[in-house]
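**Q** To convert, count from 1 in the sequence shown and add 18; that's our numbering.
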Amino acid sequence: MSGIYKHRIEKGECRKVARVLKNWQGVIAELNSRGRQALRAAAAAVKHEDDRRLFHNAALRKRRKEMGDQTDPIRRPNRENGDVTAHEGFNRGVQYPFSVNEKVVIKGNRRTPDKFVGKEAIITSQCLNGWYLLKIIGTGENVRLQYRSLRKILNTPAVNGRCLSQPIQNSS
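(1) Of the choices I140, A56, L163 and G136, whose alpha-carbon is the least far from that of W149?
(2) Got a sec? Which residues, its chain only, sit under 7 angstroms from N96 by beta carbon, not counting five neighbours each side?
(3) Leaving out five residues before and five after N160 in sequence, what residues of the same chain have Cβ atoms less than 6 angstroms from its Cβ?
(4) For I155, count neighbouring Cβ atoms within 10 angstroms of its own Cβ and tell me buried if that reaches 16, exposed if not.
(5) What whole-angstrom Cβ distance do R166 and N127 have, given they're in contact under 8 angstroms?
(6) By how many angstroms is the C-alpha of E120 removed from the C-alpha of A76?
(7) Residue range of the beta strand (DSSP E) that N160 falls in?
(8) Taking only three categories from DSSP, how would you classify I155?
(9) Does DSSP put R169 in a helix, in a strand, or in coil?
(10) I'd like the span of the beta strand (DSSP E) that includes K121, first residue to last.
(11) Report yes if the C-beta distance between F116 and I141 is below 7 angstroms; otherwise report no.
(12) Expressed to the nearest angstrom, what Euclidean distance is found between the alpha-carbon atoms of K34 and A47?
(13) Can you list, in chain order, the residues of its chain with a C-beta nearer than 6 angstroms to that of N41? Leave out the 5 residues immediately preceding and following it.
(14) Within its chain, find whatever has a CB closer than 8 angstroms to the CB of G56; leave out the 5 residues flanking it on each side and keep chain order.
(15) Rounded to whole angstroms, what's the CA-CA distance from G205 to R82? Just pull it up for me.
(16) Roughly how many angstroms separate the alpha carbons of P131 and V118, rounded to a whole number?
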């Protein structure tokens, strides 16, 4: 054993090394437990937030349903003019209050270009989510607008595309 280097560790040094190792193991264990606690706390917070959000959404749905059932007939809006307003209750899916080839007036909103507001148009097709493709009667332009921007034209008397605004004279 002449080629092997031997190092002699004294008793005091062994105890010192053992104590340092023990301290480090405690520190490592403490860090691990803190990390696990932090992870658990974060997971609990996320779960709590999800549960709160689910409960909140369910409570809102229930409240909306109850409010929709309690709407009295006096407060229900009049749909004769085709005006679909926000206080008509809560939206239940996609609304298509107009049909293809129906004549409407563009009432517009803040996003509707001013040149279309007040113009008469014919609905050429229904698009998704309450949007309609319209053809402006005067100019022949095509425009895509949502149902909120449209109003039905009330029973305009027309026969074969001609207005009956002039009285018919009898030759008798």
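Beta carbons: idealized from backbone N, C-alpha and C, even for Gly. Computed from a prediction, not measured in an experiment: that's the story for all the values here.
**A** Let me lay it out:
(1) L163
(2) The pLDDT assigned to N96 is 48, lower than 50, so where the model puts this residue is not dependable, and the model offers no usable value.
(3) K153
(4) Burial call: exposed.
(5) 6 angstroms
(6) 39 angstroms
(7) N160 to Q164
(8) coil
(9) strand
(10) K121 to I124
(11) Yes, the Cβ-Cβ distance between F116 and I141 is below 7 angstroms.
(12) 20 angstroms
(13) none
(14) Residue 56 is actually Ala in this sequence, not Gly. Within the same chain, no residue comes within 8 angstroms of A56 by CB-CB distance, once the 5 residues on both sides are set aside.
(15) No statement about residue 205 is possible, as the shown extent of the chain runs from 19 to 190 and does not include it.
(16) 22 angstroms
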